[in-house]
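Read in order, the letters of the sequence shown correspond to residues 143 to 521 in the numbering used here. C-beta: ideal position from N, C-alpha, C; glycine also. What follows is a set of notes on a single structure, which appears directly below.
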Amino acid sequence: MRRDDPDGARRPADPAAGLLTIDLDALRANYRRIQSDVAPAECAGVVKADAYGLGAARIAPALAAAGCRSFFVALPEEGMTLRAVLPQARIYVLEGCLRNDQNLFLDHDLSPVLNSLHQVRDWADLARRSGRRLPAALHLDTGMARLGLSGDEVAALAADPAPLRAFPLALVMSHLACADTPEAEMNAAQRAAFLRLKACLPPAPASLANSAGCYLGRAYHFDLVRPGVALYGGRPHPGREPAMTPVLRWEAVVLQLREVPAGAAVGYGASERVTRPSRLATIAVGYADGYKRGLSHSGAALIDGVRVPVVGRVSMDLVTLDVTDLPPGAVRPGRCVELLGAGLTIDDLAAAGGTIAHDVLTGLGRRFARAYTEGQGRR
Ligand SMILES: *Cc1c(COP(=O)(O)O)cnc(C)c1O
Numbered sequence: 143m144r145r146d147d148p149d150g151a152r153r154p155a156d157p158a159a160g161l162l163t164i165d166l167d168a169l170r171a172n173y174r175r176i177q178s179d180v181a182p183a184e185c186a187g188v189v190k191a192d193a194y195g196l197g198a199a200r201i202a203p204a205l206a207a208a209g210c211r212s213f214f215v216a217l218p219e220e221g222m223t224l225r226a227v228l229p230q231a232r233i234y235v236l237e238g239c240l241r242n243d244q245n246l247f248l249d250h251d252l253s254p255v256l257n258s259l260h261q262v263r264d265w266a267d268l269a270r271r272s273g274r275r276l277p278a279a280l281h282l283d284t285g286m287a288r289l290g291l292s293g294d295e296v297a298a299l300a301a302d303p304a305p306l307r308a309f310p311l312a313l314v315m316s317h318l319a320c321a322d323t324p325e326a327e328m329n330a331a332q333r334a335a336f337l338r339l340k341a342c343l344p345p346a347p348a349s350l351a352n353s354a355g356c357y358l359g360r361a362y363h364f365d366l367v368r369p370g371v372a373l374y375g376g377r378p379h380p381g382r383e384p385a386m387t388p389v390l391r392w393e394a395v396v397l398q399l400r401e402v403p404a405g406a407a408v409g410y411g412a413s414e415r416v417t418r419p420s421r422l423a424t425i426a427v428g429y430a431d432g433y434k435r436g437l438s439h440s441g442a443a444l445i446d447g448v449r450v451p452v453v454g455r456v457s458m459d460l461v462t463l464d465v466t467d468l469p470p471g472a473v474r475p476g477r478c479v480e481l482l483g484a485g486l487t488i489d490d491l492a493a494a495g496g497t498i499a500h501d502v503l504t505g506l507g508r509r510f511a512r513a514y515t516e517g518q519g520r521r
């Protein structure tokens, strides 16, 4: 999308001052890449938080078309929304099933990831009462101290495994705390704890790896892997290979240009002064749109392939770019600058903003238009 409008007017049809383009072909390419890298393990898709903000209703069917059969969401409500577009898939709910939610799980054929002995017993009761086959996963805590059965709870379940006979144990899983740091000793320690705890339980398919875990070696693949961010173009291990195919292109509109003398202050707090006579472009994006405030003084955008740095602080609705190095006339009000794309990845933006790709993705706002592309080759 270019909005090279001579008088710089925003067209009334524009819902907002920017556009996020989501490339479903790139998403599927990433899925197939990971699937082939972990084969013969199954590759599931993690689509919690509305597919990391990209829109689960479009993302999940695209993944299913690429062969994905198992999906993970965080909340039962997310599972309900997903079921409407995925009639066949296995849908796991990571936060488990609380008693109040049982009907939601039954009505929408959702499988909980059971996180405590209580939840296991409640699910077993529900399965007996309903007379239905209700597959569920079991989460073991191997050192993250967040969710999952503790070692003591696993021992209690091993001593009295009756609840586990009431429903199919579809998956036994755990989650790695340090998978993005391959040299961390914690990875091997968690894997060993996982094997030790799992051995106390009836045989079931196993899962340990998120995106980063997929690239720690075969020993971490087990039967099913659970990538999220890598499907959406984030590097499993930031700063290292492999790179994934970029899925997003994010463009924002230039609102105004101005020439300022050397020494002029820019933005809130007058926290940055330009060191040369400069041409500045103010664009219609800010931290309210997910352009993180941490990108103050450190972010950059691309205009015709040229990197233009953020000057001063990121405001709620506005960012100021230094476009002095572009030929005069190259930047006019109404044209678009690239905030994310093939030349500027979510990992680049995350690193510049002092955060991680997951945070950049889930933070993307709702004030700009969204478009999905597929079947037209890469842009
Ligand atoms: C979010 C999540 C994942 C996916 O993590 P990524 O780093 O995005 O690949 C996998 N497993 C669990 C339990 C999660 O909560």
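Name all residues in chain order for which at least one heavy atom of ligand 1 lies closer than 5 Å to the residue's CB.
Counting every residue whose Cβ lies closer than 5 Å to a heavy atom of ligand 1, we get V188, H317, N352, S353, R368, P369, G370, V371.
Would you call the CB atoms of L311 and R333 closer than 9 Å?
Taking 9 Å as the Cβ cut-off, L311 and R333 do not qualify as a contacting pair.
Starting from the C-beta of S272, find all residues in its chain whose C-beta is less than 7 Å away, skip the five residues before and the five after it, and write them out in chain order.
Correct list, in chain order: L248.
So, under 8 Å CB-CB, V465 and R421 are touching, yes? Tell me the CB distance rounded to an integer number of Å.
Rounded, the Cβ-Cβ distance is 5 Å, consistent with contact.
Tell me which residues share the same chain as A335 and place their Cβ nearer than 7 Å to its Cβ, disregarding the 5 neighbours each side in the sequence.
Same-chain partners within the cutoff: T284, G285.
Looking only at DSSP bridge pairs, what is S349 linked to?
Its beta-bridge partners are M315.
Taking A199 as the reference, give the member of C185, M222, A186 with the closest Cα.
Out of C185, M222, A186, M222 has the C-alpha closest to the C-alpha of A199.
Which residues in the same chain as Y357 place their Cβ atom closer than 8 Å to its Cβ, once the five residues preceding and following it in sequence are excluded?
So the list reads D179, P324, P378, H379, P384, once near-sequence residues are dropped.
Would you mind reading off the limits of the beta strand (DSSP E) that contains F247?
F247 -> not in any beta strand (DSSP E); alpha helix (DSSP H) instead, spanning 244 to 249.
How long is the line joining the alpha carbons of D251 and G517, rounded to whole angstroms?
Computed Cα separation, rounded: 32 Å.
Exposed or buried, which one is E219 when buried takes at least 16 other CB atoms within 10 Å?
Burial call: exposed.
Need the endpoints of the alpha helix (DSSP H) that V502 sits in, please.
Unbroken alpha helix (DSSP H) run through V502: 499 to 505.
Near L313, which residues of its chain fall below 6 Å by C-beta distance, leaving aside the five closest residues on each side in sequence?
So the qualifying residues of the chain are A279, P347, S349.
For the putative contact between V255 and L236, defined by C-beta atoms under 8 Å, what is the C-beta separation to the nearest angstrom?
Rounded, the Cβ-Cβ distance is 5 Å, consistent with contact.
Tell me, please, whether the region 414 to 431 touches the region 190 to 209 by the rule of three or more beta-carbon pairs shorter than 8 Å.
Touching, no.
Between which two residues does the alpha helix (DSSP H) containing A472 stretch?
Counting along the chain, A472 falls outside any alpha helix (DSSP H), and DSSP gives it neither H nor E.
How long is the line joining the alpha carbons of R338 and L282, rounded to whole angstroms?
So the alpha carbons of these two residues sit roughly 11 Å apart.
At which residues does the beta strand (DSSP E) containing D165 begin and terminate?
From DSSP, the beta strand (DSSP E) with D165 extends over 160 to 165.
Quick check: the Cα distance between A372 and N172, rounded to an integer number of angstroms?
Their Cα atoms are separated by approximately 7 Å.
Would you mind stating whether S212 and L343 have Cβ atoms separated by less than 9 Å?
Cβ atoms of S212 and L343: not closer than 9 Å.
Determine contact between the region 497 to 505 and the region 182 to 199, defined as no fewer than three beta-carbon pairs at a distance below 8 Å.
Taking 8 Å as the limit for Cβ pairs, the verdict is that the region 182 to 199 does touch the region 497 to 505.
With a CB to CB cut of under 6 Å and the five nearest residues on each side skipped, what residues in its chain are close to A111?
Outside the displayed range of the chain (143 to 521) lies residue 111, so it cannot be described from this structure.
Which residue from Y433, G485, V453 puts its Cα closest to that of G496?
Here the closest residue by C-alpha is Y433.
Within 10 angstroms of its Cβ, does G405 collect 16 or more other Cβ (buried), or is it exposed?
G405 should be labelled exposed.
Output yes or no for whether 9 Å exceeds the beta carbon distance between S353 and G381.
Not closer than 9 Å, so no.
Report yes if the C-beta distance between V461 and G428 is below 9 Å; otherwise report no.
Their beta carbons are under 9 Å apart, which means V461 touches G428 by this criterion.
For P157, which residues of its own chain have a beta-carbon under 7 Å away from its beta-carbon, when the five flanking residues on both sides are left out?
Its pLDDT being 47, under 50, P157 is placed unreliably by the model, and nothing is read from it.
As a quick exercise: from G483, A186, K340, Q261, pick the residue whose alpha carbon is nearest that of L162.
Considering only alpha carbons, the answer is G483.
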